[in-house]
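Novice: With the UniProt record's numbering as the guide, the letters of the sequence shown map in order to residues 1 to 156.
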Amino acid sequence: EKVPFIKEILGRLSKEAEEANTSLIGFIGAPFTLASYSIEGKSSKHCLNTKKLMMTDETGENKCMSLFLDKIADMIGDYACYQIESGAQVIQVFESWAHQLSPDTFTKFAKPAAQKAIKIIKDKHPDVPVIYFANGGSSYLELQRDMGCDMICVDW
Numbered sequence: 001e002k003v004p005f006i007k008e009i010l011g012r013l014s015k016e017a018e019e020a021n022t023s024l025i026g027f028i029g030a031p032f033t034l035a036s037y038s039i040e041g042k043s044s045k046h047c048l049n050t051k052k053l054m055m056t057d058e059t060g061e062n063k064c065m066s067l068f069l070d071k072i073a074d075m076i077g078d079y080a081c082y083q084i085e086s087g088a089q090v091i092q093v094f095e096s097w098a099h100q101l102s103p104d105t106f107t108k109f110a111k112p113a114a115q116k117a118i119k120i121i122k123d124k125h126p127d128v129p130v131i132y133f134a135n136g137g138s139s140y141l142e143l144q145r146d147m148g149c150d151m152i153c154v155d156w
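(1) Where F106 and L141 are concerned, what is the direct C-alpha to C-alpha distance, given to the nearest angstrom?
(2) Let me know the secondary structure DSSP gives C149 once reduced to three states.
(3) Assuming residue 158 and A110 make a contact with CB atoms under 8 Å, what is their CB distance in whole Å?
(4) Quick one: what does DSSP say K89 is sitting in, helix, strand or coil?
(5) Exposed or buried, W156, counting other C-beta atoms within 10 Å across all chains shown (16 or more means buried)?
(6) Could you pull the DSSP bridge partners for E95 from this structure?
(7) Sorted by chain position, which residues of the same chain lie with C-beta nearer than 7 Å to E16's C-beta, five sequence neighbours on each side aside?
(8) Per DSSP, F27 forms a beta bridge with which residues?
(9) Applying the 10 Å Cβ sphere with the 16-neighbour rule, what's the burial state of K116?
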C-alpha cells in the first residue's frame, strides 16, 4: 500500500487484459538477484562483493547473506501478493543473476529464498500461477523441480 500507483496501474491493465482476453503477468525479482543489485550497488558482471558475502556466510558464524535473502524473500512475497490483489493474474519470479551461481551456491542461497517467496505467494493465493525463471540456470534444471512454483522457464 506504500506504492498506490502500482495498484492503480495494475487495475487499469487488468481491465485492458480482460477486454483483450489475455492474462496480466506481474513480476518480481528473486531474492538473490535483488540482493546482488543491493550489495553491488549496480549491475555487475561478476557479482564479486555478493560472492564474498556468500563465502563469509558459508565459512563464518555471520550468516548475513542468508539473513538478508530471508528478509528480501518476505518482502517480495508480500509485494507479489499486493500485485495479485491489484489485478495481476500470474506472477513471474526472475532470478536474473542465477548464471553467477554454481549448483551448490544456488542450492544454499538462491533456492531457499526463492522457495520462501513463492510459498508466501502460494499460501495466500494458491490458484494464481507462479512462474520461476533462473537465467542461465538450465545446467541445474533438476534443482529447480521443487521450487513450489507452477512453471519453470528454461533458457537455452
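The beta-carbon is built from N, C-alpha and C at its ideal position, and this holds for glycine as well.
Specialist: This is what the structure holds:
(1) 11 Å
(2) coil
(3) Absent from the structure is residue 158, since the part of the chain shown begins at 1 and ends at 156.
(4) The identity of residue 89 in the sequence shown is Gln, whereas the question assumes Lys. If DSSP states are grouped into helix, strand and coil, Q89 belongs with coil.
(5) exposed
(6) Here E95 is bridged, per DSSP, to A134.
(7) So the list is empty, once near-sequence residues are dropped.
(8) Q92
(9) buried
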